[in-house]
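First up is the structure itself, then whatever we jot down about it.
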Amino acid sequence: MASPVKKRKKNLPNTQPTRTLHYFFNKQTATKKETLDSVPVPEPQPDPAALTDEQYAKTLAEEWKEEDKARRDAIPSMNGESSRTGEKRRRSSSPNTGEVTSSPLELSREGEQKDNLGWAAPQTSRAVTSEQIPNASGIPQTPKKIAVSAEAALEIERAIGSMPFDEDPLKFDPDNYQSIVQKWPGGKATYALLTHAFVLVNSTRSRIKIVDTLVNFLRVMIRLDPKSLLPAVWLTTNDIGPSYETNEFGIGGSIISKAIMKTSGITPATLKKLNNKYGDPGDVAFEAKVKQRTLMMKKPTPLTIENVYTTLVKISRTSGKGSQEIKQRHVERLLIDAKGEEIRYLTRTLIHHLRIGAVKTTMLIALSRAFSLSAPEGANWSTPEIPDSKEERQELFSKAEEVLKQCHARRPNYNDIVPCLLRGGITSLEENCGMSIHIPLKPMLGSITRDLREMLLKLQGREFGCEYKYDGQRAQIHCDDTGKVSVFSRHLELMTSKYPDLVELVPQIRCEGVKSFMMEGEVVAMDTETGLAKNFQTLAGRERKNVDVGRISVDVCLFAFDLMYLNGQELLSRPFRERRELLRSMFTEIPHRFTWVKSIDATSEDVDTIQDFFHSSLDLKCEGIMVKVLDNSLNPPASVLPEDEEESESKQPRSKKGKEIAPIKKGSRGKPLLATYEPDKRLESWLKVKKDYTVTADTLDLVPIAAWHGNGRKSAWWSPILLALHNPETGAFEAVCKCMSGFTDKYYIEMKDTFAPGGINTSTTKKAYYEVTDSLRPAIWFEPREVWEVAFADITVSPTYTAAAQFLDGGEGKGKGLSLRFPRFVRKREDKGIEEASIPEFLADLFFKQERGGKKLDKGAMDEKTARAEEEAEVDDVDWNEDIDDKNAGSDTNA
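Numbering-wise (the working numbering), the sequence shown opens with residue 114 and increments by one.
Listed below in structure tokens is the structure:
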């Protein structure tokens, strides 16, 4: 069958309009236009950059007010059940991973909870304030932040800026500023108040102004917010707790850099430029954030002193897995809430370098004067009446300072001192804040002598004890009646975990009747088979933390030399002879593990015996000898009060061979020396006689602060190095010399790695606290972090260096400082911090002794070739010891 034929369609005319793509797009455009026309056009907003800070703050305040109103209107319409359901849904975890999905705010809160769980329990002595209730982990809770309006924040800032802290304390009345408390969030002192004091302190070099500023600030805290006084004192001392507790933040340069970039919005390249320009992290953070107003899209939350302190405590206690991220969040939150100068000083606090020119001694002076002038409101004690006479007033202040300094030396913890001051004032310290077991006291220090002759002259007519000065680590041992032992270093750092063998040993050395005690001794590396002491380098190779007593590689012996506390009684006021007798009678020797230092008793007449004893100490690899007055001597002996020159000459100390030891000038007078133990003092009743302090081998402990690029063979390293003294009164570092000899190639490489360009330890700009003349222009500046022992030939007056310039009188020393001729690197002092570097006064004392010795100081008296070589070494950085260093290049030991 044939298939049917399909019917062909006819081409009829198309009556429908053709619809192209334009038809559809035009239709969508028209719909959007109708929608836009129906929406009211908002009024044009002014450019924030064109507004003043006050106008911009008012604009933000209006926006925040509308947001609050909208939020309040939306709350009643929310269904409680659905809200809880949503909360539960947000916190539901994945069945596979167990991870919780939370909002950013919830994540931050959970991070804080995890943070608390990871913290170690704090020491019982870390008391903060009565309002801070510890949580389950013992960490004080951060006070609740209270947001204020922008106008209120500006008003608080203006009120604080008007407070004249630098005014004379006798004219300053903290009660006049009672109205400012009403403006503080929650009645708590703001961090801006503290930074205002920092700015005033940093703007002057007058020590009187610095003390007055701190006194007035502390008085405001005492009267208006005493509960924030303790955190304020810690923050001003650039710390958060005593040195024998763990107070390190554990924050590296990367955390600070990331926090600055995140809170300010700058790029890494911009951050690097700012760092190269300013060098100081505080200045970098200030310049990066102070102009960034885009971050003010939330209500201002003024930082309080209490809040900043507790946050820093949290940072220091954070440890374990994820601790760096938690610390990062804490730092970012602080920087977000900080504004103006708060940013600068908060960043400096985080790096433990506040740089306000106020050292810790200044805080003790200011605190004692503040409590002599003001008492907390409602206190049951009153301040003493301030006399009108300047001399009597100064005597009153001096007595208060001495009481507080002695208390701090015996109990160096503001957590104990400040509450005691608030309860009873200065007079309550001696009774309620004395020595206590497991709280170290600051050690007594010995004065340095150049040689045996100087020592014999100072102690002429007195009986003294000479002791070996072992080459080890000074230790303070505490033991209570339960047998618990604590070991502290000379810097008051807790090192009990470093010496578990001593912890086991100490309870065994007590004789019958001994319950609790504090003793001092030298921990020395010991060969237990031969009984010979080893050098300090061997001891330094021992593990430092969490040492397992079963895996100790270096055995030690404790050589005890003093006893300060016994069975609940202080022994500090007793003479050294009595303390030494108690030490030797109440404790038992254990061979090669515990004994007392080897010693002899002598007078200035026993010259040959003392010399033999000194040389025997050097033969046993000791550093020298310590000489200590045995008994109290209130009156100087007649032998040092000569009536005429002939009598003076006849009383010179002489050896058996008739050799004169030291001259006595007519009219010299002996000082009354006490044999008591004086914590944190360096007295002439204790004298050091070391081999390094002899006339032919003077050394100083200096801090490297800058360097130049090396020449020739040393072009890949830093050479020479600019060295400086540390001035404890101002906190400054005073340049004293360039050092380019004594280094090995190995040490040059290590130094180049430590002070790498662009690293956290270097900068291209000079620090404000470096006192260097304009003629010295190093290629790179170092952060002060190391102490070097440096030997030298003699001391000269120089216009190039600033060291000890304040001790030189007019004439030759006018406008000049002291410098060292031919300095040579000896070693890096691992056992010393920068605050223990040599001070200008010590250098000036060496200079004047050298001058009296008849050495010429004028370069014109030198050999012409020597003078020209020294001049070129100072100006052109020529390494005159390159040949010597080339010979020693293959050696790893430093001469």
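Here a beta-carbon is modelled for each residue, glycine too, at the ideal position from N, C-alpha and C. Keep in mind that this is a model prediction, so the values were computed, not measured.
Check your understanding: Under a three-way DSSP split, which group does aspartate 714 fall into?
Key -> strand
Exercise for review: Please report the residue range of the beta strand (DSSP E) in which glycine 395 lies.
Suggested key: It is not in any beta strand (DSSP E) - glycine 395 instead sits in the alpha helix (DSSP H) that spans 394-402.
Review point. Any contact of the segment 585-596 with the segment 548-559, i.e. 3+ C-beta pairs under 8 Å?
Key: yes
Practice item. Within the same chain, show all residues whose beta-carbon is closer than 7 Å to that of methionine 557, passing over the 5 residues directly before and after it, in chain order. Key: Tyr790, Glu791, Pro792, Lys794, Trp799
Point to revise | Beta-carbon contacts of asparagine 315 that lie in its chain and below 6 Å, excluding the five residues immediately before and after | key: Ile469
Review point. Measuring CA to CA, which of Ala653, Lys301, Ala492, Cys520 is closest to asparagine 420?
Key: Lys301
Practice item. Within 10 angstroms of the Cβ of serine 485, are there 16 or more other Cβ atoms? Answer buried if so, exposed if not. Key: Counting Cβ neighbours within 10 Å, serine 485 comes out buried, since at least 16 surround it.
Review point. Whole-angstrom Cβ separation of valine 900 and isoleucine 947, contact assumed at under 8 Å?
Key: 6 Å
Review point. In this structure, does DSSP put arginine 73 in helix, strand or coil?
Key: Beyond the ends of the chain as shown, which are 114 and 1008, falls residue 73; an answer cannot be given.
Review point. Serine 495 to proline 344, Cα distance in whole Å?
Key: When rounded, the distance between both Cα atoms is 23 Å.
Exercise for review: Could you pull the start and end residues of the beta strand (DSSP E) that glutamate 902 belongs to?
Suggested key: 901-904
Check your understanding: Can you name the residues that DSSP bridges to glutamate 847?
Key -> Leu838, Glu884
Point to revise | Whole-angstrom distance between tyrosine 422 and histidine 728, CA atom to CA atom | key: The straight-line gap separating the alpha-carbon atoms of histidine 728 and tyrosine 422 is approximately 53 Å.
Practice item. State the start and end residues of the unbroken beta strand (DSSP E) segment that holds glutamate 948. Key: That residue, glutamate 948, is in no beta strand (DSSP E); it is neither H nor E in DSSP.
Review point. How would you label glutamate 504, buried or exposed, when you count the other beta carbons within 10 angstroms and need 16 or more for buried?
Key: exposed
Check your understanding: Which residues mark the beginning and the end of the alpha helix (DSSP H) in which glutamate 419 is found?
Key -> 418-430
Check your understanding: In chain order, which beta strand (DSSP E) runs of at least 3 residues are fully inside the segment 527-574?
Key -> 558-561
Check your understanding: Beta-carbon separation of phenylalanine 399 and arginine 442 under 7 Å?
Key -> no
Point to revise | Buried or exposed by the 16-neighbour rule on C-beta atoms within 10 Å, applied to cysteine 624 | key: exposed
Practice item. Enumerate, from N- to C-terminal direction, the unbroken alpha helix (DSSP H) stretches of 4 or more residues contained entirely within the segment 661-701. Key: DSSP runs (the alpha helix (DSSP H)) wholly in the segment 661-701: 689-698.
Check your understanding: Around the Cβ of histidine 465, are there at least 16 other Cβ atoms within 10 angstroms (buried) or fewer (exposed)?
Key -> exposed
Check your understanding: What three-state label does DSSP hand glycine 578 in the structure shown?
Key -> Looking at glycine 578 - three-state DSSP - the assignment turns out to be strand.
Point to revise | N- and C-terminal bounds of the alpha helix (DSSP H) containing cysteine 520 | key: 503-523
Check your understanding: According to the neighbour-count rule (16 or more other Cβ atoms, all chains shown, within 10 Å of its Cβ), is valine 662 buried or exposed?
Key -> exposed
Practice item. Per DSSP, which residues does phenylalanine 707 bridge with? Please list them. Key: Leu671, Ile703
Exercise for review: Count the other CB atoms, across all protein chains shown, that sit within 10 Å of the CB of aspartate 279; report buried if there are 16 or more and exposed otherwise.
Suggested key: buried
Review point. Counting Cβ pairs closer than 8 Å, one from the segment 511-528 and one from the segment 561-580, do we hit at least three?
Key: no
**Study point:** Residue of Asp501, Glu543, Met568, Val910 minimising C-alpha distance to valine 516
**Key:** Glu543
Exercise for review: Provide the residue span of the alpha helix (DSSP H) that contains glycine 366, from first to last.
Suggested key: 366-377
Exercise for review: Give the DSSP-derived three-state secondary structure of aspartate 286 in the structure shown.
Suggested key: coil
Point to revise | Residues near glutamate 598 in its chain [Cβ-Cβ closer than 8 Å; skip 5 each side] | key: Per the sequence shown, residue 598 should be read as valine rather than glutamate. The answer, listed in chain order, is Ile590, His591, Cys592, Thr609, Leu615, Val616, Val619, Pro620.
Review point. Is it buried or exposed for serine 429, if we count other Cβ within 10 angstroms and need 16 for buried?
Key: Per the 10 Å Cβ criterion, buried.
Review point. Whose CA, out of Ala522, Leu695, Pro870, lies closest to the CA of histidine 604?
Key: Ala522
Review point. What's the call for asparagine 680, buried or exposed, on a 16-neighbour Cβ count within 10 Å?
Key: exposed
Review point. Along the chain, where does the beta strand (DSSP E) that runs through isoleucine 893 open and close?
Key: 893-895
Practice item. Express the C-alpha separation of leucine 509 and tryptophan 830 in angstroms, rounding to a whole number. Key: 56 Å
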